[in-house]
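If you want it as structure tokens, here you go:
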């Protein structure tokens, strides 16, 4: 799989459907992974993403300190690893090793990309004012990568308690919507 | 279809997968519908939902003024109506009439439920401080309804420009995640 640069103006098309994502961070040379479902688009271009990361999660403090992360989008082949990352804490587990995921260098941030994910979005925290009250961060995507062979990615969508809806068929309707 | 009350603590399981929703509002006895994909869960219980509604949309000003709405979740049978609501403005169109959708009274808000949607979430705006900068509203779900016959709802997930992923199969993995 060779990833290609993906236009920032099109990033909303990857996140708007609501896939479970893996958020990678790095502090003092130590990388971590977190499973996340609470995110939404806020602006098209430059792409802004809102996300909620509980302050009980290890990633919360890393994100506050380093102000950068990568949003990696997995497909259903990675389901066991996605759930594994959601059930463990980076405080005690090196998740890249434990779940045999491959970190590769990002272009704009220190947090690594996850090679096995079909898309990777390099992000900076641009607004953390709502972090104290809502654990809500606003991220700006600065660089995006995609595996262009994945036309209809079989993303996972969490329905709670380890139940996932897997992306089914694609339909297209005449629309003026962006 | 007879709707049943749905526990507020379980509402995240409906929205976390990222479905397209129809937001209903009402002002001066006139109801409106807006198609929306930019939303996320913020808290489990009481359920808080973040959503972004452009200030170019008619719904933005109604929501600011009335501070209430209903989030209605459609399935793919309603695809043409969902796109129709997204391509028209309530400033000039009565969308309930135009798209043959049925308004039914809500319990806690003046905005109507859409009968044809399999789930309905009655919401109050609890924080509009981010509306000016990000068009971001924080809603609290006060009452939820569901059609209990829809076990694996075939929700629609917008991939931009009228392209939708339709909910496919359901899988379950052993998980400690909520």
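Chains as they are written, first to last, in this note's numbering: chain A, 2 to 179; chain B, 2 to 179.
Note that the Cβ used here is the ideal one computed from N, Cα and C, for glycine as well.
Open item on the list: Determine whether the beta carbon atoms of residue 63 (chain B) and residue 26 (chain B) lie at a separation below 8 Å.
Closed with: Yes; because the gap between Cβ atoms is below 8 Å, this pair is in contact.
Open item on the list: With the cut-off set at 8 Å, would you say residue 59 (chain A) and residue 88 (chain A) are in Cβ contact?
Closed with: For residue 59 (chain A) and residue 88 (chain A), no; Cβs fall outside 8 Å.
- [ ] Taking the CB atoms as reference points, tell me whether residue 23 (chain B) and residue 70 (chain B) lie closer together than 8 Å.
- [x] Residue 70 (chain B) sits away from residue 23 (chain B), with the two beta carbons spaced by 8 Å or more.
- [ ] Taking residue 84 (chain A) as part of the alpha helix (DSSP H), name the residues at either end of that continuous run.
- [x] Segment 80-87, the alpha helix (DSSP H) holding residue 84 (chain A).
- [ ] Using the Cα positions of residue 17 (chain B) and residue 131 (chain A), report the straight-line distance between them to the nearest angstrom.
- [x] If you draw a straight line from the Cα of residue 17 (chain B) to the Cα of residue 131 (chain A), it comes to about 20 Å.
TODO: Identify the contact partners of residue 177 (chain B) in chain A, using a Cβ-Cβ distance below 7 Å as the criterion.
DONE: Result: 88.
- [ ] Please confirm if residue 28 (chain A) has its CB atom under 8 Å from at least one CB of chain B.
- [x] Closer than 8 Å: no.
- [ ] Give the single residue among A:113, A:174 and A:55 whose Cα lies nearest to the Cα of residue 1 (chain B).
- [x] Within the shown structure, residues of chain B are numbered from 2 to 179, placing residue 1 (chain B) beyond reach of any answer.
Open item on the list: By the three-class DSSP mapping on this structure, what secondary structure does residue 54 (chain B) have?
Closed with: Coil at residue 54 (chain B), not helix or strand.
TODO: In the DSSP assignment, find the beta strand (DSSP E) that holds residue 173 (chain A) and state where it starts and stops.
DONE: Per DSSP, residue 173 (chain A) is one residue of the beta strand (DSSP E) stretching across 164-173.
Task: Interface partners of residue 38 (chain B) on chain A, CB under 7 Å - done: Using a Cβ-Cβ cut-off of 7 Å, residue 38 (chain B) is close to 17 of chain A, given in chain order.
Task: C-alpha gap between residue 127 (chain A) and residue 98 (chain B), whole angstroms - done: If you take the alpha carbons of residue 127 (chain A) and residue 98 (chain B), they lie about 42 Å apart.
TODO: Spatial neighbours of residue 154 (chain B) within its chain, please: CB distance less than 6 Å, with the 5 preceding and 5 following residues excluded, ordered by chain position.
DONE: Within the same chain, Cβ atoms closer than 6 Å to the Cβ of residue 154 (chain B) are found at 76 and 119, the five residues on either side in sequence being excluded.
Open item on the list: Quick check: what's the CA-CA separation for residue 36 (chain A) versus residue 84 (chain A)?
Closed with: Looking at the backbone, the Cα of residue 36 (chain A) and that of residue 84 (chain A) are separated by about 7 Å.
Open item on the list: Given this structure, state the Cα-to-Cα distance separating residue 111 (chain B) from residue 11 (chain B), to the nearest angstrom.
Closed with: Taking the straight line from one Cα to the other gives about 23 Å.
Open item on the list: So that I know if they touch, is there some Cβ in chain B lying closer than 8 Å to that of residue 169 (chain A)?
Closed with: Put simply, the CB of residue 169 (chain A) is near chain B, with a gap under 8 Å to one of its CB atoms.
TODO: Just the chain A side, please: which residues come within less than 8 Å of residue 13 (chain B) by C-beta, in chain order?
DONE: The answer, in chain order, is 161.
Task: Neighbouring residues, chain B, relative to residue 120 (chain A) (Cβ below 8 Å) - done: Listed along chain B is no residue with a C-beta nearer than 8 Å to that of residue 120 (chain A); the closest approach is about 12 Å.
Open item on the list: Can you give me the C-alpha to C-alpha distance between residue 3 (chain B) and residue 56 (chain B), rounded to a whole angstrom?
Closed with: Each residue's alpha carbon lies about 35 Å from the other.
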